[in-house]
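Everything on this sheet refers to the single structure shown next.
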Amino acid sequence: DGDGFLLLQGLFPHMTPGEEYEFGSNDTRLSSAARRIIKAAERELDTRGLRRAVPSGSRFWPMFGSIVFGILTIVFGFFALGAFVDATIPVLLMIPAFVMIFVVALLVSRKPLTAAGAETRDHLKGLRMFIEWAEADRIRMLQSPQGAERFAVDEAGARVDPANPRQMLRIYETLLPYAVVFGQEEEWAEHLAVLYDQTGVPGWYVGTAGFNAAAFS
């Protein structure tokens, strides 16, 4: 995909067959590639219509008001301290005013989600819940009518058979990148190793030595 190609370009700029990359603390190629991927993902969110632009006026007035309020609070706080009043109240007002400016700046700089963006966010939350469930709960989900709609094994919408390791392997391989993102890669790899033991050598594996599912997990 596009992200993978950006990563390859970052690690192997010449794209020469046989080129090798050695990870090291002084090499910034990986971090530079990661920054480019993140920027590309930000642009993709806008391109797909998952976030909407906010009018400049809607951003300006909250920011302007918070800055004015914060500055006035801080200035009067210093005047109060200069008048040798109890420092407790001025300091308690000045600190929140200072923090408020940064909080408002952070909030107004964000782009809100569109309806499609909110739907995608909810879908990812549900996917994370599915990945974090115990295996028995996942099987019950796959056997439910809702699971049949979400995880059909063919275009006709056939329901997944949890007893069929090839069908389960297809689902686990598809969701592996999401499991990595959600921090469940070790558990997911263990499930894949079991399924590979049952189904044989995966189609993507090429090597002189036989495929070892235990080493994969």
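One gets this note's numbering by counting positions in the sequence shown from 1 and adding 1420 to each. Backbone N, C-alpha and C define an ideal beta-carbon position, used for all residues, glycine too.
Per DSSP, the continuous alpha helix (DSSP H) segment holding Tyr-1592 begins and ends at 1585 to 1601. One alpha carbon belongs to Gly-1477, the other to Leu-1533, and they sit about 18 Å apart.
Closest in alpha carbon position to Arg-1468, among Pro-1433, Val-1511, Val-1523 and Thr-1540, is Thr-1540. Contact holds between the segment 1537 to 1552 and the segment 1598 to 1614, because three or more Cβ pairs, one in each stretch, are under 8 Å apart. The alpha helix (DSSP H) runs of length 4 or more contained entirely in the segment 1484 to 1569 are, from start to end of the chain, 1508 to 1529, 1535 to 1552 and 1555 to 1563.
In the DSSP assignment, Arg-1471 forms a beta bridge with Leu-1533.
The C-beta of Trp-1481 has fewer than 16 other C-beta atoms within 10 Å across all chains shown, which makes the residue exposed. The Cβ-Cβ distance between Pro-1597 and Met-1588 does not fall below 8 Å. In the DSSP assignment, Gln-1618 falls within the unbroken alpha helix (DSSP H) covering 1605 to 1619. The closest CA to that of Arg-1479, considering only Leu-1526, Ile-1494, Leu-1612 and Ala-1517, is found on Leu-1526. The residue among Gly-1424, Gly-1537 and Val-1523 with its C-alpha nearest the C-alpha of Arg-1456 is Gly-1424. By the Cβ rule, the segment 1495 to 1510 does not count as touching the segment 1438 to 1445, because fewer than three pairs are nearer than 8 Å. Cβ-Cβ separation between Gly-1485 and Ser-1452: approximately 39 Å, too far for a contact (criterion under 8 Å). Taking each of Pro-1433, Lys-1459, Ile-1458 and Ser-1529 in turn and checking the Cα distance to Arg-1449, the smallest one comes out for Pro-1433. In the three-state reduction of the DSSP assignment, Phe-1480 falls in the helix class.
At least 8 Å separates the beta-carbon of Ile-1487 from that of Phe-1518.
A check of alpha carbon separations from Leu-1492 across Met-1520, Arg-1471 and Asp-1466 identifies Met-1520 as the nearest. Excluding residues up to 5 positions away in sequence, Leu-1465, Lys-1531, Pro-1532, Leu-1533, Thr-1534 and Gly-1537 lie with their Cβ nearer than 8 Å to the Cβ of Arg-1471 in the same chain. DSSP places Asp-1447 in the coil class of the three-state scheme, outside both helix and strand.
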